[in-house]
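In the numbering used here, the protein residues as written are 125 to 355. C-beta atoms are modelled at their ideal positions from N, C-alpha and C, and glycine is treated no differently. This one's a predicted model, so the numbers in the text were calculated from it and none came from an experiment.
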C-alpha cells in the first residue's frame with residue numbers, strides 16, 4: 125500500500141470512529157438522567173428603555189443566571205428541583221405537558237419533578253397559577269430538546285430534527301450545507317456556535333405593577349412570550 129493511500133485510509137477510519145463514538149454517546153445520553161435546579165424569585169429588572177419594573181424570574185442558584193435555557197436529549201429523564209421564593213403559591217408548567225402534571229408549590233416551598241423529554245424542538249417552561257400572568261412578569265425560559273442520534277438525514281447529514289420531522293425539504297437543506305449551494309460547513313450538533321437561541325417576551329408595566337401589589341385579578345392578560353431556535 126502506498127503511503128498516500130495509507131494516510132487516506134487512516135483518515136477515513138478516524139472519521140468513522142468519531143462518528144460511531146458520537147452516535148454511541150448520544151444513545152447513552154438519551155438513557156441517562158439530567159438534573160437542574162430553578163429558584164422562582166421576585167426581582168426588579170431594568171427594561172430596554174431604562175425603566176425599572178418589578179418582575180419575577182427563574183434563576184439558576186449556582187450561576188445566578190436568570191431564565192436559563194435548559195437543554196436535554198430526546199428520551200432523557202429530566203429532574204428539576206424547584207424552590208418557590210415568592211410570596212404566593214406557584215406552579216411550574218411547560219408546553220406539551222398538562223398543567224396538572226406538576227404540583228403547586230407554596231411560598232417558601234420546595235419540590236422536585238421528573239419527566240421524560242419528548243419531541244425534539246423548542247419549548248418554553250413557565251408558570252401558570254394565574255394563566256399567562258406568570259409568563260408576562262418574567263417566569264419563563266427556553267427548554268430545548270435535541271434529537272440525539274435520531275437527527276440524521278438518509279444521506280448522513282446531522283440536523284436538529286427528529287426522524288419523523290425530516291421531510292424531503294428539510295433533508296435537502298441540511299444535505300446542501302457545505303456545498304456550492306450553501307458554502308461553508310455542515311451543521312454540527314457538537315458545535316454550539318451553530319445554534320442561536322432567541323427568547324422573545326412582551327412586558328406590560330401595568331400588569332407588573334399589579335403583580336407587585338399582590339393583585340391576583342391579572343390572569344386574563346395575554347402573553348406573547350415565545351421561543352425560537354435558529355440554527
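Check: So which of 319, 198, 195, 178 has the shortest CA-CA distance to residue 330?
Finding: In the chain shown, residue 330 corresponds to position 206, counting from 1. Between residue 330 and the set 319, 198, 195, 178, the nearest pair of CA atoms involves 178.
Item checked: Whole-angstrom C-beta distance between residue 229 and residue 235, which should lie under 8 Å -> For this step, residue 235 is matched to residue 111 along the chain shown. For this step, residue 229 is matched to residue 105 along the chain shown. Contact between residue 235 and residue 229 is confirmed by a C-beta separation of about 5 Å, below the 8 Å threshold.
Note to self: For residue 315, count the other beta carbons within 10 Å of its own beta carbon; 16 or more makes it buried, fewer makes it exposed. Which is it?
What the structure shows: Start at 1 with the first residue of the chain shown, and residue 315 comes out as number 191. With fewer than 16 Cβ atoms within 10 Å of its Cβ, residue 315 is classed as exposed.
Check: Alpha carbon to alpha carbon, how far is residue 156 from residue 254?
Finding: Counting from 1 along the chain shown, the entry for residue 156 is found at position 32. Counting from 1 along the chain shown, the entry for residue 254 is found at position 130. When only Cα atoms are considered, residue 156 and residue 254 end up about 34 Å apart.
Notebook entry, point to check: Within this structure, are the beta carbons of residue 265 and residue 249 separated by less than 8 Å?
Noted result: Position 141 of the chain shown, counting from 1, holds the residue named residue 265. Position 125 of the chain shown, counting from 1, holds the residue named residue 249. Against a cut-off of 8 Å, the Cβ pair of residue 249 and residue 265 comes out as a contact.
Margin query: Quick check on the DSSP output: the alpha helix (DSSP H) that includes residue 330 runs from which residue to which?
Written below: Along the chain shown, one-based indexing puts residue 330 at 206. Residues 329-336.
Notebook entry, point to check: By the 10 Å Cβ neighbour count, where 16 or more other Cβ atoms means buried, how is residue 170 classified, buried or exposed?
Noted result: Along the chain shown, one-based indexing puts residue 170 at 46. Taking all protein chains shown into account, residue 170 has fewer than 16 neighbouring C-beta atoms within 10 Å of its C-beta and is therefore exposed.
Checklist line | Alpha carbon of residue 307 to alpha carbon of residue 240, nearest angstrom | finding: Looking up residue 307 in the chain shown gives position 183. Looking up residue 240 in the chain shown gives position 116. The alpha-carbon separation between residue 307 and residue 240 amounts to approximately 37 Å.
Check: How would you label residue 168, buried or exposed, when you count the other beta carbons within 10 angstroms and need 16 or more for buried?
Finding: Translated into positions along the chain shown, residue 168 becomes position 44. Residue 168 is exposed by the Cβ-count criterion.
Item checked: Of the residues 207, 294, 242, the one placed nearest residue 267, counting alpha carbons only -> Position 143 of the chain shown, counted from the start, is the residue given in the question as residue 267. When each option's Cα is compared against that of residue 267, the closest is 242.
Item checked: Contact belief for residue 194 with residue 160 at Cβ below 8 Å, rounded distance in angstroms -> In the chain shown, the residue the question calls residue 194 occupies position 70. In the chain shown, the residue the question calls residue 160 occupies position 36. At roughly 6 Å, the Cβ-Cβ gap stays under 8 Å, so residue 194 and residue 160 are in contact.
Note to self: Between 180, 192, 220, which has its C-alpha nearest residue 323's C-alpha?
What the structure shows: To locate residue 323, count along the chain shown from 1; it is residue 199. Nearest to residue 323 by C-alpha distance, out of 180, 192, 220, is 192.
Notebook entry, point to check: What do you reckon, are the CB atoms on residue 104 and residue 326 nearer than 8 Å?
Noted result: This structure cannot speak to residue 104, because the chain is shown only from 125 to 355.
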